[in-house]
Amino acid sequence: MSRVGESTKNETKESFQQKIWQILALIPEGRVATYGQVAELAGFPKMARAVGRTLSKLPHGTQLPWHRVLNAQGKLSFPLESAPYKEQKNRLEKEGIVFLNGKIRLADYRWRP
Numbered sequence: 050m051s052r053v054g055e056s057t058k059n060e061t062k063e064s065f066q067q068k069i070w071q072i073l074a075l076i077p078e079g080r081v082a083t084y085g086q087v088a089e090l091a092g093f094p095k096m097a098r099a100v101g102r103t104l105s106k107l108p109h110g111t112q113l114p115w116h117r118v119l120n121a122q123g124k125l126s127f128p129l130e131s132a133p134y135k136e137q138k139n140r141l142e143k144e145g146i147v148f149l150n151g152k153i154r155l156a157d158y159r160w161r162p
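Quick note, in the numbering used here, the sequence shown goes up one by one and the last residue is 162.
As structure tokens, this is what we get:
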């Protein structure tokens, strides 16, 4: 038996997730966005951490460009030199994005829709 409000909560969660995925799909090759920027563009300002949680639950092998999202300092959020860190960095470098001292210059590569 479901509780009152449970359906609405699940629909809201799915709506949030779908909006995040829609924004993610728009980020062009060679550009990046921050978690906060994705949240804001999706209509959920101040929910950068929720964007991170949503991206962490993407299915393995997804075609969505998850690698184009990073933190507000222009750094990758995975632990340095971990397998996911290396994968994200490699994907970004293949798109022509340059890292300087472990960071991406957002002034140069930030997506501006």
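For each residue, glycine too, the CB sits at the ideal point set by N, CA and C.
Neighbourhood of residue i by C-beta, 6 Å cutoff - its chain only, sequence neighbours within 5 removed
| i | result |
| --- | --- |
| A82 | I76, V118, W160 |
Buried or exposed by the 16-neighbour rule on C-beta atoms within 10 Å, applied to residue i
| i | result |
| --- | --- |
| K138 | buried |
| A91 | buried |
| A88 | buried |
Nearest-angstrom Cα separation, counted from residue j out to residue i
| i | j | result |
| --- | --- | --- |
| G151 | Q86 | 20 Å |
| K143 | R80 | 12 Å |
| Q67 | L149 | 33 Å |
| L104 | P133 | 13 Å |
| S131 | S64 | 31 Å |
Cβ pair residue i, residue j closer than 8 Å
| i | j | result |
| --- | --- | --- |
| I69 | V100 | yes |
| G123 | R102 | no |
| N120 | Y158 | no |
| L73 | P108 | no |
| H116 | R140 | yes |
Coarse secondary structure for residue i, derived from DSSP in three states
| i | result |
| --- | --- |
| L107 | coil |
| V81 | strand |
| K124 | coil |
| F148 | strand |
| R159 | strand |
Beta-carbon contacts of residue i that lie in its chain and below 7 Å, excluding the five residues immediately before and after
| i | result |
| --- | --- |
| E78 | E144 |
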